[in-house]
Amino acid sequence: MNFNYAEVEKIVGYTFKNKALLKTAFTHSSYSNEHRTESNERLEFLGDAVIELIITSRLYLEFNGQEGDLSKIRSKVVSEKPLAEAIDKLGLDKFLLKGVGEQKNTTISLAIKCDLFEAICGAIYLDSGINETTKFFNKAVGNIIENIKKNGFDDDPKTKLQEMLKQSKIVYSTTKSGADHNPTYKTVVFIDDKKSGIGVGSNKKTAEENAADVAIKNILG
């Protein structure tokens, strides 16, 4: 399978000195297993830490909130959904190198897209350092921070639901299905033992938040 380095670099906005790093960032484990090459998992691991440093530094410099507030904003910005949406917005998911079995899946999960974003950041960091990585991150995700600065920060749905129903008993029940590399989680939220919302996601946290969001919408009508 040919990998279009030039087109990917144009979209990312950065030209790699070490092209192998770029290709590795786009190599899913299913492809690496079939072709005996390195997957993007190690770059994802590095990229996760680099992203946390980038967003933490920016929040420290641009926001005056307390540690708890800054932590909430950071978790919102670097969570699975916005990073996956950044991949969608840039149209980078179509360049992901997948194995034959994985290619049968017509859609790419949020988790895999998030991993890809983190791997790209890890690759840029290794190739050129923090400044170029920050440029890419701000290009892809910076609008989220700007929106928070402009409109304020909204708590996640689980926190909102808890604040709305302080005296109620809220329980989340989650089940997992599908393959280990591409799982699906389904959460049912019970309020005072009554089923109040169902959410689905590629990880437990997302499924619970989606269930809480549905419950809030049901309550508000």
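Per this note's numbering, the sequence shown runs over residues 4 to 224. All residues carry an ideal CB built from backbone N, CA and C; glycine is no exception. Please read these numbers as outputs of a predicted model, since none were measured by experiment.
Beyond the five residues adjoining it in sequence on each side, LEU24 comes within less than 7 Å, by CB distance, of ALA126, LEU129 and ASP130 in the same chain, given in chain order. When the Cα atoms are used, ILE57 and GLU149 turn out to be separated by approximately 15 Å. For the set PHE98, ASP196 and ILE151, the Cα lying nearest the Cα of LYS79 is the one of ILE151. If the five residues before and after PRO186 are omitted, its C-beta is found closer than 6 Å to the C-beta atoms of LYS179, all from its own chain and listed in chain order.
Within the segment 67-96, the complete alpha helix (DSSP H) runs of at least 4 residues fall at 70-80 and 83-93. Taking ILE123 as the centre and dropping the five residues before and after it, the same chain places the C-beta of ALA28 closer than 6 Å to its C-beta, in chain order. Around the Cβ of ALA218, a 10 Å sphere holds 16 or more other Cβ atoms; the residue is buried. Membership of SER33 in the alpha helix (DSSP H) is indicated by the continuous run 32-38.
For LYS101, the closest alpha carbon among the candidates LEU64, ASN5 and LYS13 is that of ASN5. Within the segment 131-198, the runs of alpha helix (DSSP H) at least 4 residues long that lie entirely inside it are, in chain order, 133-154 and 160-167. In the DSSP assignment, LYS13 falls within the unbroken alpha helix (DSSP H) covering 8-15.
ILE201 sits in a strand when the DSSP states are folded into three classes. Contact between VAL103 and GLU37 is confirmed by a C-beta separation of about 7 Å, below the 8 Å threshold. Across the structure, SER74 and LYS169 are spaced so that their CA atoms are roughly 22 Å apart. LEU49 sits in a helix when the DSSP states are folded into three classes. Just so you know, the alpha carbons of LYS116 and ASN141 end up roughly 17 Å apart.
It is roughly 13 Å from the alpha-carbon of LYS22 to the alpha-carbon of VAL15. In chain order, PHE98 place their CB closer than 7 Å to the CB of ASN7, counting only its own chain and leaving out the 5 sequence neighbours on each side. In the DSSP assignment, no residue is bridged to LEU24. For THR190, the closest of LEU46, LEU64, ILE173 and ALA182 by C-alpha to C-alpha distance is ILE173. For LYS220, the enclosing alpha helix (DSSP H) starts and ends at 207-223. Looking from the CA of TYR17, the closest CA among LYS26, LYS138, ARG77 and ASP96 belongs to LYS138.
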